[in-house]
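Residue numbers (the working numbering), protein chains in the order written: chain F, 230 to 556; chain Z, 1333 to 1608; chain B, 75 to 824.
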């Protein structure tokens, strides 16, 4: 199997925030980690000292130690520290909940309308991504302009999924029958790894996605390119592939703007050739991998809804050629 | 900013008639129990401070048809804080002596009959949040006063079996814990209901008639009527339960200290058999 | 001395029938175990069953770790992997954690309070046999279409028919219901035992901390399990009767399942960890030769944990978007739990301080418990800070966290307890040498496996993935983590070998090998059939210490409240506990009615099809039956047997009339086409009233049995308490109906 050539942009994403939201959570996390480390060292230190200092070296024949039943004063004194820490923790996490990443629907900050709204819908096992302002539909990729405040409207088609891009925002569950809203953004351009984190059935493991953050100009170019229908082939193998796509069962599950189809069951393939990955992170998107995928999707993503169609080699070449044109 | 500040200052109801009640309580307390400052005097101060919070502070103004949350705070203070602090402020010996008088004794016993206290404490919470009653209590000032009085009285009944100044009238620790725990369940259910129901429990607050500038500021800041009710529900749920849990801890402490060893097992168990 | 003990051990094997020991053939020896009602034997069977399932669940964990040892592994299929982690979780929680703790409580609570047996020995045996039966049901699923594969919390709608059409989930539901019945029955038994069976002098403020924790655990079980049962019942109705409680596509709510599950699930965490707290609170003082530091703080803080544990369930749901107020309130509740827990850690440390510490294997595990549990607790506090939870929930960080609590906490506590109590249970000591080997293997393996999970979580690895692509560092950490699991497996083998060898050839223990303080050390090892030949005087929390150190006796220096001597009537307390449990069940069903029938939740559109006036009439009849029951009870207590029978018969008839009324209502609805799968109003209506009707029916059966007993003259004035106990149930059923009528018929909450 070909491993992803383009790996996630950070090894420890939780510690490498790239948005104001993730940044705020990260700084809270550091504080809590520090205080936890101090508490741990104190407790373990006390235990260690107790064990070494008060170890019985007489084999059970020594004097009976003083029978100490405890003192309420001391206990309350020892409780003071934890009380202060708990109050402090409650205060800083409440503050963060209120200020940084409140659910935007319930708490639209006055004058802070989103710069961009994106709708994400979880499916078994892919993410459908819509840009209602631009009429773009895509899958397993989210594209953003850098430095903007973007609101995601999240829901699910079937079971519960969870949308998580550790470097950019909080985790949010995608729940059928319910719309969840949250802020996302990126402070620098780059590619950010996202994953589904709520167990959602057979191939929960292959529901990865990527977030691409662009500078303003590049973003506009991306929108420009993707809000147009792809140029369909006019001749040759690719045209045959298109005919095959339309007449075989492909179109029953996949949609291509300008060709037709539905997005309820499988990813939208408009501009497929511009995508980075196939199958929710199973493959990097290139001709060789696309062929492998089409020959037997069940081998690479067992249980996914695309069966092994047993294409003959000619059909395979036609479909691949067609999909490669969908820039 | 200045405008909001003026609003907040303006929200204090300094001319509230509650000062008369407070004065009356102080005079009565002084007449009955003498004016020496003791530890229990702080409890009395707490009780009266509760009244000030409920009727003088901005809570009073906001509770009057503006913010459901403030309305809830007012209820909780009147039902839980004021009576509890007042009970704790009563001097033990004097009360024991007084409650032992033949005229007073039956009343004390009625107060200490735990099912009454429990039912009253919970039912005032539930009943006053039936939508029509909740709105009515805000539209008629007499009904509002009546509501507040029922809160305080029910609160006294509720706390009496746990913190009665007369030891013999208190529930045994196990029963007291059960009493408080089940009350907490009752509050929790009401809190859950208020928090999650899509119904506007107190319709007055959904369309506040006398919207003040402050309220408008709050609404603009994103504090919708829906959120108002949610926060109110959570207030009805969490603080009382924390208070009850605290009371259970106090009961446990009493129990371990052996203060009431003569009633180690609960009265409820009296009917049972003893182990030979 | 030694010779005497050996003899006792030999005769101890057949505790039920020591005299015929020599003559019994092996089959009836097995039969004597199967038919036993002795709490010690039942306890041992619980523990052995749990050990068996521990091995099974451990093998499942090993398969999981092998699959994850290298990236893009295809050692097992995703379908099988999903079954493995579901079964691993379910097995470890329901077939290992709860039973082993109930087993220890079964064995040692009666001993520690100086009782002959538990309150209801036969009910105890019944509770136990539910365990293998439930376990069998769960594992039988492998032989059908598929084992359950939706995770141990089976989130809806993944667990509903459209997404899990095969039978695995059904076996999961049924097994959990069966196990739940066993657990609740066992818990009621335990609570009643502690309340009613204590020896004279053993006031509730003097019970050993293990007994106290077992008592609180029992209360938690009684009040938490019914929440799960109601959710399971609703899911089963969804799956088999085509209702849609948890199917959002048809108006149901995916979140309701999560709320119900975690109302059970969070207290469940404490059900699993509190008994271990109790064990540690026994082990540390004994091996420090000091009393526990601050008994009342340790015991009281457990009460606080008990109370708070019911108010924090939604911290498992911070990522679902509950809204910020709910998030903050639940975060505060969760943080508050850190306080009583912190108090305990302080108390345990202070107990060791100034003591005379013997580092036996038991004590080593207790100390390891302290360290590992503090780690698990601290990561728990991190999750209480909502934004951190938003990042790390559902990743390997959370897997690391709860394994630190459940292995570092519960399992290490269990090992400490096993080494501590094995001599009492068998009369022989476990090998300290093998024990130390096991200790090293476990501490190394455990930390290697689960410490790395935290880092994997920070690196972005979600939980429950059957494989992963080769991200930098993932392969290394996962590989090492799998290696750690091998160490733990080896440690377990050493442990089982130690049990096996020591049972046969271990050093003979004697009555009190460790210098223990509590009553179980005042009898022989193993104890005789009815536990004690004579009890030492109980005047403090450490009667055996007082006996052995008369000059330093606790009652001279540390006064504890005297025992008033009153013990509540067993039947009434048991019935009260049962009713409390049932009340939770009905409350949650009624909550689901309110949820689905207010606003535009997809409940009723249009007027209610229910006949309110007619049902009001039947309501009066049902409530009237409570009055007639009361007349019957008064007649019985007054010695008027005839009047008693007459009023009882009237009660039964009124109950039957009420059921008739319900039947008419049902028939009318079904004729007009309203059935349980019509809409959410009908689903909730039939579910609530159906369960209530079933309870009325059960009550009628019970009353009829009492009636015939009365006719035969076996229920008379003297045994009126039994009748009163039945009365608690009957009145409860009527009270439930008041709420059902108000909420469903009168719709007071809408």
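For every residue, glycine included, the Cβ atom is placed at its ideal position computed from N, Cα and C.
Taken in chain order, the unbroken stretches of alpha helix (DSSP H) that lie wholly in the region 118-172 of chain B and span 4 residues or more are 152-164. When F:378, F:391 and F:385 are compared, the shortest CA-CA separation from residue 416 of chain F is found for F:378.
Taking a Cβ-Cβ cut-off of 7 Å, the neighbours of residue 430 of chain B in chain F comprise 283, 285, 291 and 294, given in sequence order.
Neighbours of residue 1584 of chain Z in chain B, taken as residues at a C-beta separation under 9 Å, are given in chain order as 370, 373, 374, 377 and 378. As a beta-bridge residue in DSSP terms, residue 402 of chain F pairs with F:391.
Under the three-state reduction of DSSP, residue 450 of chain B is assigned to helix. Here residue 550 of chain B is exposed: its Cβ has fewer than 16 other Cβ atoms, across all protein chains shown, within 10 Å. The residue among F:452, F:282 and F:317 with its C-alpha nearest the C-alpha of residue 444 of chain F is F:452. Residue range 438-443 is occupied by the beta strand (DSSP E) that includes residue 442 of chain F.
Excluding sequence positions up to five before and after residue 1422 of chain Z, its CB lies within less than 8 Å of the CB of 1365, 1372 and 1497, all in the same chain and listed in chain order. The residue from Z:1480, Z:1510 and Z:1575 with its alpha-carbon nearest to that of residue 1395 of chain Z is Z:1480. Cβ neighbours of residue 371 of chain B within its own chain (closer than 7 Å, five residues either side excluded): 417 and 421. Residues of the region 403-418 of chain B with a Cβ closer than 8 Å to any Cβ of chain F, in chain order: 405, 406, 409, 410, 412, 413, 416 and 417. Bridge partners of residue 807 of chain B according to DSSP: none are assigned. Residue 1461 of chain Z carries a coil assignment under DSSP once its states are collapsed to helix, strand and coil.
According to the DSSP assignment, residue 368 of chain F belongs to the beta strand (DSSP E) that extends over 365-368.
Inter-segment contact for the region 186-199 of chain B and the region 294-310 of chain B is absent: fewer than three beta-carbon pairs are separated by less than 8 Å. For residue 268 of chain F, the neighbours in chain B by C-beta distance under 8 Å run, in chain order, 448 and 452. By alpha-carbon distance to residue 594 of chain B, the top candidate from B:615, B:576 and B:312 is B:615. Against residue 385 of chain B, the close residues of chain Z are 1516, 1520, 1569, 1570, 1573, 1574 and 1577, in the order they occur along the chain (beta-carbon pairs closer than 9 Å).
For residue 646 of chain B and residue 231 of chain B, the gap between their C-alpha atoms comes out near 41 Å.
In this chain, residue 777 of chain B is not harboured by any beta strand (DSSP E); it is covered by the alpha helix (DSSP H) spanning 754-785. Close to residue 423 of chain B, with beta-carbon spacing below 9 Å, are these residues of chain F in chain order: 272, 275, 276 and 279. Below the 8 Å Cβ cutoff, chain B contributes no neighbours of residue 482 of chain F, its closest Cβ being approximately 18 Å away.
Interface criterion met: the Cβ of residue 1588 of chain Z is under 8 Å from a Cβ in chain B. Rounded to the nearest whole angstrom, the CA to CA distance from residue 1380 of chain Z to residue 340 of chain B is 39 Å. Taking 8 Å as the CB threshold, residue 307 of chain F lines the interface with chain B.
Across the set B:764, B:784 and B:765, the C-alpha of B:784 shows the shortest separation from the C-alpha of residue 717 of chain B. For the 8 Å CB-CB criterion, residue 201 of chain B and residue 303 of chain B do not form a contact. Here residue 696 of chain B is not near residue 649 of chain B, since their CB atoms are 8 Å or more apart. Taking the CA atoms as reference points, residue 1487 of chain Z sits about 10 Å from residue 1409 of chain Z. CA-to-CA, the gap between residue 344 of chain B and residue 520 of chain F works out to about 53 Å. Contact of residue 1359 of chain Z with chain B is not assigned, every C-beta pair being separated by 8 Å or more. By the neighbour-count criterion, in which a residue is buried when 16 or more other Cβ atoms sit within 10 angstroms of its Cβ, residue 1494 of chain Z is buried. With fewer than 16 other CB atoms across the displayed protein chains lying within 10 angstroms of its CB, residue 491 of chain F is exposed.
Interface residue (Cβ-Cβ distance to chain Z less than 8 Å): residue 796 of chain B is not classified as such.
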